[in-house]
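Asker: Protein sequences, first through last, are from chains A and B.
With positions in the first sequence counted from 1, the corresponding number in this note's numbering is that position plus 80.
With positions in the second sequence counted from 1, the corresponding number in this note's numbering is that position plus 205.
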Amino acid sequence: MNWEVIIKWLPRLAQGATLTLELVAIAVVAGLILAIPLGIARSSRHWYVRALPFSYIFFFRGTPLLVQLFLVYYGLAQFDAVRNSSLWPYLRDPFWCTVLTMTLHTAAYIAEILRGALQSIPKGEVEAARALGMSRGKTLFYIMLPRAARIGLPAYSNEVILMLKASALASTVTLLELTGMARTIIARTYLPVEIFFAAGLFYLLISFVLVQGFKLLERWLRVDACQGR
Amino acid sequence: MTIDLHGFGPALAAGTLMTVKLALCALLLGLILGLLGALAKTSPVKPLQWLGGFYSTLVRGVPELLWVLLIYFGTVGMMNSLGEALNMPGLELSAFAAGVIALGLCFGAYATEVFRGAILAIPKGHREAGLALGLSKARILSRIILPQMWRIALPGLGNLFMILMKDTALVSVIGLEEIMRHAQIGVTMTKEPFTFYMVAACIYLGLTVIAMTGMHFMEKRAARGFARAES
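The structure is reproduced here in C-alpha cells:
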C-alpha cells in the first residue's frame, strides 16, 4: 500500500466528498418534501387517489437508479420541446440532472416508508383525535404526521445511507463527486487499489457520522419511548 | 406510438439473458457468503464474530459501484502476478466474474444480517432438544436450524434479491454486455436515448414483477403448515 499517494490526493478526495454530501443533502431533503403528499395520497382509502402515487412508486422502485439517471441526463435531450424550453440550461447540467433523479428516486422510497408509518399508527389514537372534534386535516397535521415521523425515522435514516451510496452513480454522468474524483485520480496515477481504498474510507466515515447523527436525533425525538404501544 | 428499436431488439434480449445470469450467479455466491457470515456472527468464538461483523460493516458502508470498480480494476495487478506464478500470462478477471464477485459480496453482507436475525428467531429449546437427542453440531445446523431459518429469512432475502437485480445495471460501467450496455450501444447508433433507456427500464420492471411473483409463491410454500395470524 502506497500511503504517500493517498495522503497526496486526500485534499482532492475531500473536495469530491463535499460534492457527494451536497448531492445527498439536497436529494434527501427535497425527496422528503415531495414524499409527504405522495405518502399521504398512497395511504388513501380511495383507489383513484392511490393509483397515481402507486404507479410513481412502482416505476421508481422497480427500475435501477442508473437507468433513471440516464433517462433524465441523456434521454430528455431526444425531445426538441425540452431542448427549446427555458429549463434546458438546468437539464443540460449533470449536477441538476443528478439532483433531480436522486430526489425523484428517494421520494418514492420515502413515500413508501411514510405509508407504512401512517398505517401502523394505532387506530385508537386517530379515533381519539376525531372524537375530540379535530377535523381530518387537523388530525393529520397534529396527530398522525408527528407520530408517523417518529415511527418512520429509523427507516428514513436507512434511506439516507442508501442515498449516500447511490450518489456514487453520479460519476457515470461525468460528475466529480467522491467516486468520480477517485476514478479521475486513478486515470492519472494508475493506482486503483490505493485510491479506491481511500474513497471507501471516506464513505465509511460519512456513513458513520450520519448514523451517529440519526441516533442523536432519535434520542431527541424520543423515538424509543414512542414505539411502545 | 410504436417503438422502433432499429433492429436492436435481439441484442436487448441477449442483454436481458446476461442480466438474469449475472443476478443468479451473484445470488448463489451471496447466499453462501451470507450464510457463512451469519454463522460466524452467531458463533461463540470471538474472532469469528469480529470477522463476521467486520465483513458486513465494511461492505455495507461502501457503495456497490465502488466495489464493482475496485474488484475489476483493483485486481489487475494481483491477477497478473498470479498468472505469472501459475505460468499463465495475461490472466485477468472477466467483467462477468468481477460483477458476480462484487454483487455477491454486497448481497452477502446484507444477507448476513437477514440470516443472523432468522437464526436468532429460532427458539433456543430447538437447539437444546437436538443436543439432548445426541445430534452432532453439523446435524443440528442442517436438520433443525437451516430448514426453520429459511422460512423466516425468505421475505428479507426477497427484498435483497430485488435490490441485487437492479444493481446488475452497475456492471455495465465495466463493460459487461447486459441490458444497460446494449441500450447504450443502441443509443450511440440511433441517437434516441429516451426510447432505449425507457425500454431498458421496462425490461427491469418486468424482471422485478417476475421476481416478486416468484417470491410470493416461494413464501407461500415455505409458510405452509403455519397458520397466518389473524389481525
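Every residue, glycine too, gets a C-beta built ideally from N, C-alpha and C.
Would alanine 228 of chain A pass as a contact of threonine 219 of chain A if the rule is Cβ separation under 7 angstroms?
Answerer: Here residue 228 of chain A refers to the residue found at position 148 when the first sequence is read from its first residue. Here residue 219 of chain A refers to the residue found at position 139 when the first sequence is read from its first residue. Contact flag unset, no.
Asker: For leucine 271 of chain A, I'd like the list of residues in its chain whose CB is within less than 7 angstroms of its CB, leaving aside the five on either flank, ordered along the chain.
Answerer: Mapped onto the first sequence, residue 271 of chain A falls at position 191. These residues qualify, in order along the chain: Asn82 and Val85.
Asker: Near alanine 307 of chain B, what residues of its chain come up, given a Cβ to Cβ distance below 6 angstroms and the 5 sequence neighbours on each side ignored?
Answerer: What you label residue 307 of chain B is simply residue 102 of the second sequence in a count that begins at 1. Contacts found: Trp272, Val273 and Ile276.
Asker: Quick check: what's the CA-CA separation for leucine 145 of chain A versus alanine 337 of chain B?
Answerer: Here the question's residue 145 of chain A lines up with position 65 in the first sequence. Here the question's residue 337 of chain B lines up with position 132 in the second sequence. Near 51 angstroms, if we compare the C-alpha coordinates of alanine 337 of chain B and leucine 145 of chain A.
Asker: With distance defined between alpha-carbon atoms, name the residue in B:Gly235, B:Arg332 and B:Lys251 nearest to serine 347 of chain B.
Answerer: Walking along the second sequence from the start, residue 347 of chain B turns up at place 142. Out of B:Gly235, B:Arg332 and B:Lys251, B:Arg332 has the C-alpha closest to the C-alpha of serine 347 of chain B.
Asker: Below 8 angstroms on C-beta distance, what does phenylalanine 310 of chain A contact in chain B?
Answerer: Beyond the ends of chain A as shown, which are 81 and 309, falls residue 310 of chain A; an answer cannot be given.
Asker: If you follow the alpha helix (DSSP H) that tyrosine 222 of chain A is in, where does it begin and where does it stop?
Answerer: Your numbering for residue 222 of chain A matches position 142 in the first sequence. Looking at the DSSP string, tyrosine 222 of chain A is not in any alpha helix (DSSP H), and its letter there is neither H nor E.
Asker: Within 6 angstroms: the Cβ of valine 104 of chain A and any heavy atom of the ligand ADP?
Answerer: The ligand ADP is not part of this structure, which contains no ligands at all.
Asker: Under a three-way DSSP split, which group does valine 250 of chain B fall into?
Answerer: Walking along the second sequence from the start, residue 250 of chain B turns up at place 45. Reduced to three states, the DSSP call for valine 250 of chain B is coil.
Asker: Could you run through the segment 371-383 of chain B and flag, in chain order, every residue whose CB is less than 9 angstroms away from some CB of chain A?
Answerer: Cβ contacts with chain A come from Lys371, Asp372, Thr373, Ala374, Leu375, Ser377 and Val378.
Asker: Under DSSP, the alpha helix (DSSP H) around arginine 429 of chain B begins and ends at which residues?
Answerer: Position 224 of the second sequence holds residue 429 of chain B. That residue, arginine 429 of chain B, is in no alpha helix (DSSP H); it is neither H nor E in DSSP.
Asker: Just checking: is the beta-carbon of threonine 259 of chain A within a distance shorter than 7 angstroms of some beta-carbon in chain B?
Answerer: Looking up residue 259 of chain A in the first sequence gives position 179. True, the Cβ-Cβ gap to chain B drops below 7 angstroms.
Asker: Phenylalanine 422 of chain B to glycine 119 of chain A, Cα distance in whole Å?
Answerer: Within the second sequence, residue 422 of chain B is the residue found at index 217, counting from 1. Within the first sequence, residue 119 of chain A is the residue found at index 39, counting from 1. Distance between the alpha carbons of phenylalanine 422 of chain B and glycine 119 of chain A is about 28 angstroms.
Asker: DSSP state of glycine 155 of chain A, grouped into three classes?
Answerer: Within the first sequence, numbered from 1, the residue matching residue 155 of chain A stands at position 75. Note: glycine 155 of chain A maps to helix in three-state DSSP.
Asker: Leaving out five residues on either side along the sequence, give the residues of the same chain with a beta carbon under 8 angstroms from the beta carbon of leucine 340 of chain B.
Answerer: On the second sequence, position 135 is the one that residue 340 of chain B refers to. Here the set comprises Arg348 and Ile349.
Asker: According to DSSP, is serine 436 of chain B helix, strand or coil?
Answerer: Here residue 436 of chain B is taken as the residue at index 231 of the second sequence, counted from 1. Note on serine 436 of chain B: pLDDT 47, under 50, position unreliable in the model; no value is reported.
Asker: For serine 436 of chain B, collect the residues of the same chain with a Cβ closer than 6 angstroms to its Cβ; drop the 5 residues on either side in sequence, then sort them by chain order.
Answerer: Taking the first residue of the second sequence as 1, we reach residue 436 of chain B at position 231. Low confidence applies to serine 436 of chain B: its pLDDT is 47, below 50, so where it sits in the model is not reliable enough to give any reading.
Asker: In the structure shown, what three-state DSSP assignment does threonine 183 of chain A receive?
Answerer: To locate residue 183 of chain A, count along the first sequence from 1; it is residue 103. Note: threonine 183 of chain A maps to helix in three-state DSSP.
Asker: I want to verify the contact list: residues of chain A whose CB lies under 9 angstroms from the CB of methionine 385 of chain B, in sequence order.
Answerer: For the purposes of this step, residue 385 of chain B is taken as the residue at position 180 of the second sequence. Residues of chain A passing the Cβ test: Pro144, Leu146, Val147 and Phe150.
Asker: Determine the contact status of glycine 313 of chain B and glycine 239 of chain B, defining contact as a CB-CB distance below 7 angstroms.
Answerer: Locating residue 313 of chain B in the second sequence gives position 108, counting from the first residue. Locating residue 239 of chain B in the second sequence gives position 34, counting from the first residue. Closer than 7 angstroms, so yes.
Asker: Just how far apart, CA to CA, sit valine 104 of chain A and leucine 93 of chain A?
Answerer: In the first sequence, residue 104 of chain A corresponds to position 24, counting from 1. In the first sequence, residue 93 of chain A corresponds to position 13, counting from 1. If you take the alpha carbons of valine 104 of chain A and leucine 93 of chain A, they lie about 16 angstroms apart.
Asker: Under the three-state reduction of DSSP, which class applies to asparagine 176 of chain B: helix, strand or coil?
Answerer: Because residue 176 of chain B is not part of the residues shown, which for chain B are 206 to 436, the question remains open.
Asker: Hey, is valine 273 of chain A's beta-carbon within less than 7 angstroms of any beta-carbon in chain B?
Answerer: Taking the first sequence and counting its residues from 1, one reaches residue 273 of chain A at position 193. Yes, valine 273 of chain A lies at the interface with chain B (some Cβ there is under 7 angstroms from its Cβ).
Asker: Grouping DSSP H, G and I as helix and E and B as strand, with all else coil, what is lysine 396 of chain B?
Answerer: Counted from its first residue, the second sequence places residue 396 of chain B at position 191. Coil at lysine 396 of chain B, not helix or strand.
Asker: Since alanine 245 of chain B and glycine 309 of chain B are thought to touch, with beta carbons under 8 angstroms apart, how far apart are those beta carbons, to the nearest angstrom?
Answerer: Within the second sequence, the letter at position 40 stands for residue 245 of chain B. Within the second sequence, the letter at position 104 stands for residue 309 of chain B. That belief does not hold up - the Cβ atoms of alanine 245 of chain B and glycine 309 of chain B are roughly 17 angstroms apart, past 8 angstroms.
Asker: In three-state terms, what does DSSP make of methionine 261 of chain A?
Answerer: Here residue 261 of chain A refers to the residue found at position 181 when the first sequence is read from its first residue. Reduced to three states, the DSSP call for methionine 261 of chain A is helix.
Asker: Determine, using beta-carbon pairs with one atom in the segment 185-192 of chain A and one in the segment 134-143 of chain A, whether at least three such pairs fall under 8 angstroms.
Answerer: They touch, by the three-pair rule.
Asker: Using a C-beta to C-beta distance shorter than 7 angstroms, which residues of chain B count as neighbours of leucine 103 of chain A?
Answerer: Locating residue 103 of chain A in the first sequence gives position 23, where the first residue counts as 1. Within 7 angstroms Cβ-Cβ: nothing; leucine 103 of chain A doesn't reach chain B, min ~12 angstroms.
Asker: Looking at the structure shown, is arginine 309 of chain A part of a helix, part of a strand, or coil, going by DSSP?
Answerer: Position 229 of the first sequence, counting from 1, holds the residue named residue 309 of chain A. Bear in mind that a pLDDT of 48 at arginine 309 of chain A, under 50, signals an unreliable position, so the number given afterwards is only what the model happens to contain. DSSP places arginine 309 of chain A in coil when its eight states are reduced to three.
Asker: Exposed or buried, phenylalanine 276 of chain A, counting other C-beta atoms within 10 Å across all chains shown (16 or more means buried)?
Answerer: Counting from one through the first sequence, the residue named residue 276 of chain A turns up at place 196. Counting Cβ neighbours within 10 Å, phenylalanine 276 of chain A comes out buried, since at least 16 surround it.
Asker: Using a Cβ cut-off of 9 angstroms, which residues of the segment 384-407 of chain B contact any Cβ in chain A, in chain order?
Answerer: Flagged, chain order: Ile384, Met385, Ala388, Gln389, Val392, Lys396, Glu397, Pro398, Phe399, Thr400, Phe401, Tyr402, Met403, Ala405, Ala406 and Cys407.
Asker: Which two residues bound the contiguous alpha helix (DSSP H) that contains leucine 297 of chain A?
Answerer: Residue numbering aside, residue 297 of chain A sits at position 217 when the first sequence is read from its first letter. Taken as a continuous stretch (DSSP letters only), the alpha helix (DSSP H) holding leucine 297 of chain A covers 272-300.
Asker: Run down chain B in chain order and give the residues with a C-beta less than 9 angstroms from the C-beta of glycine 293 of chain A.
Answerer: Translated into the one-based positions of the first sequence, residue 293 of chain A becomes position 213. Near glycine 293 of chain A there are no residues of chain B at all, since even the closest Cβ is about 15 angstroms away, more than 9 angstroms.
Asker: Quick one, which residues of the segment 157-179 of chain A are near chain B if we go by CB-CB under 8 angstroms, in chain order?
Answerer: For the segment 157-179 of chain A, which is checked against every Cβ of chain B, the residues closer than 8 angstroms are Ala157, Gln158 and Phe159.
Asker: Give me, in chain order, the residues of the same chain whose beta-carbon lies closer than 6 angstroms to that of glycine 235 of chain B; leave out the 5 immediate sequence neighbours on both sides.
Answerer: Residue mapping note: residue 235 of chain B aligns to position 30 of the second sequence, counting from 1. Gly309, Phe312, Gly313 and Ala316, listed in sequence order.
Asker: If I follow the unbroken alpha helix (DSSP H) through threonine 100 of chain A, where does it start and stop?
Answerer: Taking the first residue of the first sequence as 1, we reach residue 100 of chain A at position 20. 83-122 is the extent of the alpha helix (DSSP H) around threonine 100 of chain A.
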